[in-house]
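For the record, in the sequence shown the residue sitting at position 139 is 1254 according to the numbering used here, with numbers rising by one throughout. Note that beta-carbon positions come from the ideal geometry of N, C-alpha and C, so glycine has one too. Keep in mind the model is a prediction, meaning the values are calculated, not measured.
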Amino acid sequence: MNLSQLLAAEWRPALGCTEPAAVAYAAASAAALAAGEVRHVRLVCDPRIYKNCYAVGIPNSGHRTGILWALAIGALLEDASCRLECFRGVGASALQGASNLTARGALTVEIERARAELYVATTNIVGNLAGMICDGAKIGCALKTMTGVDAAFRAASLARAGLVIPVSDGIVGADGLAPLGNLGRLAAEGMAAMEDQIL
């Protein structure tokens, strides 16, 4: 992969400041999965997202500013497919609905300073799925995909409850990054020998 391909794969165009666009995109994506009318929107973000969204202008919003407006407008956008360019789709109905949400106090923004639950979930899923091997592309891969999805939900649920695999177990590590590094090493180096055995 050359540099141009890497940039094309990793970078996305944005309309306006990136952070409010990310907030709106997240809200639009969540709303698309919900059924019925949007009654309340809760955002949990890190301090940098909050800081960079707090007073910035929102494109196509009639000079509205700030993280609450980005959140409210995003939750009422009809199409999230534009990703970080989602403010292109802001219309009168979205602005009116966002105004109603704001007036009703139906928006909650929380700053999450620690990433402990994320690290716990990462540790749990690596500790759970590290033993799964790739033994060739086949119909059974669908079952492995289903197992992975189930494990992701289970890992998140355990993390919310504060339950984590001990650092002394298997290839998990002391923080959320160590298990990923260990799993990467296992896949890159360990699977080479495993593939010879499978073949």
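Separation of residue j from residue i, as counted between CA atoms
i            : j            : result
residue 1182 : residue 1165 : 7 Å
residue 1313 : residue 1262 : 21 Å
residue 1176 : residue 1149 : 24 Å
residue 1139 : residue 1268 : 24 Å
residue 1290 : residue 1242 : 13 Å
residue 1288 : residue 1265 : 22 Å
residue 1083 : residue 1260 : Outside the displayed span of the chain (1116 to 1314) sits residue 1083, for which this structure offers no information.
residue 1198 : residue 1185 : 13 Å
residue 1246 : residue 1128 : 38 Å
residue 1294 : residue 1276 : 20 Å
residue 1144 : residue 1282 : 35 Å
residue 1158 : residue 1125 : 24 Å
residue 1240 : residue 1311 : 26 Å
residue 1196 : residue 1204 : 10 Å
residue 1284 : residue 1168 : 41 Å
residue 1118 : residue 1214 : 43 Å
residue 1303 : residue 1141 : 33 Å
residue 1222 : residue 1305 : 48 Å
residue 1218 : residue 1153 : 14 Å
residue 1232 : residue 1121 : 30 Å
residue 1220 : residue 1163 : 23 Å
residue 1151 : residue 1279 : 36 Å
residue 1244 : residue 1309 : 16 Å
residue 1235 : residue 1270 : 8 Å
residue 1192 : residue 1161 : 23 Å
residue 1300 : residue 1248 : 14 Å
Integer-rounded CB distance, given that residue j should sit under 8 Å from residue i
i            : j            : result
residue 1136 : residue 1201 : 7 Å
residue 1123 : residue 1156 : In fact, because the Cβ distance is near 32 Å, the residues do not count as touching under 8 Å.
residue 1298 : residue 1286 : 7 Å
residue 1257 : residue 1216 : Not a contact, Cβ separation roughly 40 Å.
Residue i: CB within 7 Å of a non-hydrogen atom of the ligand SAM
i            : result
residue 1207 : Absence of the ligand SAM from the depicted structure is noted, as is the absence of any ligand whatsoever, leaving it without description.
Endpoints, the beta strand (DSSP E) within which residue i is located
i            : result
residue 1158 : 1156-1160
residue 1226 : 1222-1226
Residue i: first and last residue of the uninterrupted alpha helix (DSSP H) it sits in
i            : result
residue 1259 : 1256-1275
residue 1128 : No alpha helix (DSSP H) holds residue 1128; DSSP gives it neither H nor E.
residue 1309 : 1306-1313
residue 1207 : 1207-1218
residue 1296 : 1293-1300
Segment contact, 8 Å Cβ cut-off, at least three pairs: the stretch 1219-1228 with the stretch 1169-1181: Segments in contact, no.
Sufficient close CB pairs (3 or more, under 8 Å) joining the stretch 1251-1271 to the stretch 1203-1211: No, because fewer than three Cβ pairs between the stretch 1251-1271 and the stretch 1203-1211 fall closer than 8 Å, the two stretches do not touch.
Stretch pair the stretch 1120-1134 + the stretch 1167-1175: three plus CB contacts closer than 8 Å: The answer is yes - the stretch 1167-1175 touches the stretch 1120-1134, with three or more Cβ pairs under 8 Å.
Whole beta strand (DSSP E) elements within the stretch 1137-1203, 3-residue minimum: Segments of the beta strand (DSSP E) lying fully in the stretch 1137-1203: 1156-1160.
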